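Sequential numbering from 4 applies to the sequence shown in the numbering used here. Note that beta-carbon positions come from the ideal geometry of N, C-alpha and C, so glycine has one too. Here the structure is a predicted model, which is why all the values come from computation and not from measurement. Read through the structure below, which is laid out as structure tokens, and then see the notes.
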Amino acid sequence: MEADADYHLRDLSSTNGTFVNRHRLDCELHVLRHGDILHFGATPSHTGFTTSGASTHQLSTVDTASDTVMVDAKARHVYVEGQKLDPPVPRKEFDLLMLLDSKWGEAISRDEISIHVWPERADGDVGNHEIEQCV
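Here it is, written out as structure tokens:
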């Protein structure tokens, strides 16, 4: 696609709706903009939209109306309610956050966490206390 090409989204009369920035779409085409937050159906979305080729993720918390976490995977920044965390989230914690987002709704074993967050330890020798401290 061309660098300045537009991306469009349309809800095809779905039961639970399609939302952009918490506004429900009708059947007309909606032009997506950098930073738009997408929400499909009854479950909170896990992706944001960016035109820069970066990957932005929205992680949902217990109360999505007031607690929103945004993760910019390319820049490795985390935003809470629109505010960038400063100091930034440490590398291992960020890697764990990205793993949890990629496995949304699934149980994740300690072994899977060890392999993903500590890939430099080929033998998987990661103590429970290290994982708990990262969480």
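Starting from histidine 80, follow the beta strand (DSSP E) in both directions and report where the run begins and ends.
80 to 83
Margin query: Excluding the 5 residues flanking alanine 11 on each side, which residues of the same chain have their C-beta closer than 8 angstroms to its C-beta?
Written below: Note that residue 11 is histidine in the sequence shown here, rather than alanine. Excluding residues within five positions, the ones whose Cβ falls inside 8 angstroms are Leu32, His33, Val34 and Leu35.
Do aspartate 9 and aspartate 29 count as a contact pair if the criterion is CB distance below 8 angstroms? no
Where does leucine 88 sit, in a helix, a strand or coil, going by DSSP? coil
Tell me, to the nearest whole angstrom, how far the beta carbon of phenylalanine 22 is from that of histidine 42; I am working on the premise that it is less than 8 angstroms. 4 angstroms
Practice prompt. Alpha carbon to alpha carbon, how far is histidine 26 from glycine 20? Give it in angstroms, no decimals.
Written response: 10 angstroms
task = Under the assumption that leucine 99 contacts isoleucine 116 (Cβ atoms under 8 angstroms), give the Cβ distance between them as a whole number of angstroms.
result = 7 angstroms
Next item on the list: Note down the Cα distance separating lysine 106 from glutamine 86, rounded to an integer number of angstroms.
Entry: 25 angstroms
Q. So, is valine 120 buried or exposed, given that buried needs 16 or more other C-beta atoms within 10 angstroms?
A. buried
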